[in-house]
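What follows is one structure encoded as structure tokens, with my remarks underneath.
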Amino acid sequence: MPRLSKQFFRENFLGLSLTLVGVLCLVLASMMYMGHHTFANIVLADGQALDGPDIDQLVQLNKAYERIAKAVTPSVVYISTTQVLTVQQSPFFADPFFRRFFGNMPGFGIPQRQVLHALGSGVIVSPDGYIVTNNHVIAHATDIEVTLSDKRNFKAKVVGADKPSDIAVLKIDATNLPMAAWGNSQDLHVGDIVMAFGNPFGLASTVTRGTVSALGRSGIEGPQNLENFIQT
């Protein structure tokens, strides 16, 4: 796989974007229950009749979401990481007098070994096992395990990472994997509807829908100090 530059990470985003016009103000679940038939005979409380063709368009929109979810979900993976830390001893508390009272407290006395775990999501971007995830998920990890949508488990290694954009690329030893296609952030506009796919906390894949509220966000202080990201 060619080396991925920071510019590539910052100018591209993973996912599918739909530009839609209209107000989604009806409960689509009720439409499903009513069989997707015409709604011309339905009258609202104020006496105004629902327009059948408009309702049918919303039903078709709902089916489009279903097709996207069905296509993308198999490429979403669950990532679990392990990080082993050694807490350095303090010479002050290494004194036998203090150890009589405090014992081998973490950070005091002899070095202490700590094991930290983190969870996250990723998405397969090539059939030969390359996966994109967040850098903060795998940063400093000593062991990375990936679980596919079909429940197979693989050890993964980091092949690239970019902290400012919070993007990392993993590789697993597998072939013929379902993959999601790359999109181009230059094609996005504020107000576009987007869908987010994930696998948080080991739950079966989740799907949410949102709206692009800002592009090119930067200069926001925080633990990650992210730059040039898309806000939804």
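Take the position in the sequence shown, starting the count at 1, then add 225; the result is the number in this note's numbering. Using N, Cα and C, we set each Cβ at its ideal position, and we do this for glycine too.
query: Who are the Cβ neighbours of Pro-299 in its own chain at under 6 Å, not counting the five residues just before and after it?
result: Indexing the sequence shown from 1 puts residue 299 at position 74. Answer for Pro-299: Ser-374, Pro-403, listed in chain order.
task: Keeping to the same chain, check which residues put their C-beta closer than 6 Å to that of Pro-352; ignore five residues upstream and five downstream.
output: Residue numbering aside, residue 352 sits at position 127 when the sequence shown is read from its first letter. Around Pro-352: Asn-401, Leu-402, Met-404.
Boundaries of the beta strand (DSSP E) in which Val-301 is found, first to last residue: Here residue 301 corresponds to residue number 76 of the sequence shown, with the count starting at 1. Following the DSSP letters along the chain, one finds Val-301 inside the beta strand (DSSP E) bounded by residues 301-312.
- prompt: For His-361 versus Asp-391, is the C-beta spacing smaller than 7 Å?
  reply: For the purposes of this step, residue 361 is taken as the residue at position 136 of the sequence shown. For the purposes of this step, residue 391 is taken as the residue at position 166 of the sequence shown. Closer than 7 Å, so yes.
message: So the candidates are Thr-306, Ile-280, Val-284, Ala-296; which of them puts its Cα closest to the Cα of Lys-382?
response: Translated into positions along the sequence shown, residue 382 becomes position 157. Comparing Cα positions, the closest option is Thr-306.
- prompt: Under a three-way DSSP split, which group does Asn-215 fall into?
  reply: The displayed coordinates of the chain run from 226 to 457. Any statement about residue 215 would go beyond what the structure contains.
task: Determine the contact status of Thr-177 and Gly-423, defining contact as a CB-CB distance below 7 Å.
output: Here the chain comprises residues numbered 226 to 457, so residue 177 is not present and cannot be evaluated.
- prompt: Which residues mark the beginning and the end of the beta strand (DSSP E) in which Ser-346 is found?
  reply: Mapped onto the sequence shown, residue 346 falls at position 121. Looking at the DSSP string, the run of the beta strand (DSSP E) that includes Ser-346 is 337-349.
Neighbourhood of His-342 by C-beta, 8 Å cutoff - its chain only, sequence neighbours within 5 removed: To locate residue 342, count along the sequence shown from 1; it is residue 117. Excluding positions up to five away in sequence, the list reads Ser-305, Thr-306, Thr-307, Gln-308.
Opening and closing residue of the beta strand (DSSP E) in which Thr-298 lies: Walking along the sequence shown from the start, residue 298 turns up at place 73. No beta strand (DSSP E) contains Thr-298, which DSSP labels as neither H nor E.
- request: Can you grab the Cα-Cα spacing for the pair Ala-429 / Thr-311, in whole Å?
  value: By 1-based counting over the sequence shown, the position of residue 429 is 204. By 1-based counting over the sequence shown, the position of residue 311 is 86. Going from the Cα of Ala-429 to the Cα of Thr-311 covers about 34 Å.
- request: Kindly indicate which three-state DSSP category Asp-412 falls into: helix, strand or coil?
  value: Within the sequence shown, numbered from 1, the residue matching residue 412 stands at position 187. Asp-412 falls in the helix class under three-state DSSP.
Same chain, Cβ closer than 6 Å to Val-348, neighbours up to 5 away in sequence not counted: Here residue 348 corresponds to residue number 123 of the sequence shown, with the count starting at 1. For Val-348, where only same-chain residues beyond five positions count, the Cβ hits under 6 Å are Leu-239, Ser-300, Val-301, Val-357, Ala-405.
query: Applying the criterion that 16 or more other CB atoms from any shown protein chain within 10 Å of the CB defines a buried residue, is Tyr-258 buried or exposed?
result: Locating residue 258 in the sequence shown gives position 33, counting from the first residue. The pLDDT assigned to Tyr-258 is 45, lower than 50, so where the model puts this residue is not dependable, and the model offers no usable value.
task: State the beta-bridge partners of Ile-392 as determined by DSSP.
output: For the purposes of this step, residue 392 is taken as the residue at position 167 of the sequence shown. Answer is Asn-359, Asp-387, bridged to Ile-392.
task: Check Val-284 in the structure and name its three-state DSSP category.
output: Against the sequence shown, residue 284 aligns to sequence position 59. Here Val-284 sits in helix by DSSP.
- prompt: Which term fits Phe-426, buried or exposed, when burial requires 16 or more other beta carbons within 10 angstroms of its beta carbon?
  reply: In the sequence shown, counting from the first residue as 1, residue 426 sits at position 201. Per the 10 Å Cβ criterion, exposed.
- prompt: Who are Asp-368's beta bridge partners in DSSP?
  reply: Walking along the sequence shown from the start, residue 368 turns up at place 143. Thr-307, per the DSSP bridge assignment.
field: Counted within 10 angstroms of its Cβ, other Cβ atoms place Leu-344 as buried (16 or more) or exposed
entry: Along the sequence shown, read from residue 1 onward, the residue named residue 344 stands at position 119. The residue in question, Leu-344, is exposed, as its Cβ has fewer than 16 Cβ neighbours within 10 Å.
query: Below 7 Å between beta carbons: does that hold for Tyr-303 and Thr-372?
result: Residue 303 sits at position 78 when you count from the first residue of the sequence shown. Residue 372 sits at position 147 when you count from the first residue of the sequence shown. Yes, they are a contact pair.
query: So, is Gly-435 buried or exposed, given that buried needs 16 or more other C-beta atoms within 10 angstroms?
result: If you number the sequence shown from 1, residue 435 lands on position 210. Counting Cβ neighbours within 10 Å, Gly-435 comes out exposed, since fewer than 16 surround it.
message: So the candidates are Lys-380, Ala-364, Lys-376; which of them puts its Cα closest to the Cα of Glu-370?
response: Taking the sequence shown and counting its residues from 1, one reaches residue 370 at position 145. Comparing Cα-Cα distances from Glu-370 to each of Lys-380, Ala-364, Lys-376, the minimum goes to Lys-380.
- prompt: Among Ser-443, Ile-455, Thr-433, Asn-453, which residue has its Cα nearest to the Cα of Tyr-290?
  reply: For the purposes of this step, residue 290 is taken as the residue at position 65 of the sequence shown. Here the closest residue by C-alpha is Thr-433.
message: Quick check: the Cα distance between Val-437 and Asp-412, rounded to an integer number of angstroms?
response: In the sequence shown, counting from the first residue as 1, residue 437 sits at position 212. In the sequence shown, counting from the first residue as 1, residue 412 sits at position 187. Those two C-alpha atoms are separated by around 12 Å.
- request: Work out the CA separation of Val-340 and Thr-457 for me, nearest whole Å.
  value: Residue 457 sits at position 232 when you count from the first residue of the sequence shown. Residue 340 sits at position 115 when you count from the first residue of the sequence shown. Their Cα atoms are separated by approximately 34 Å.
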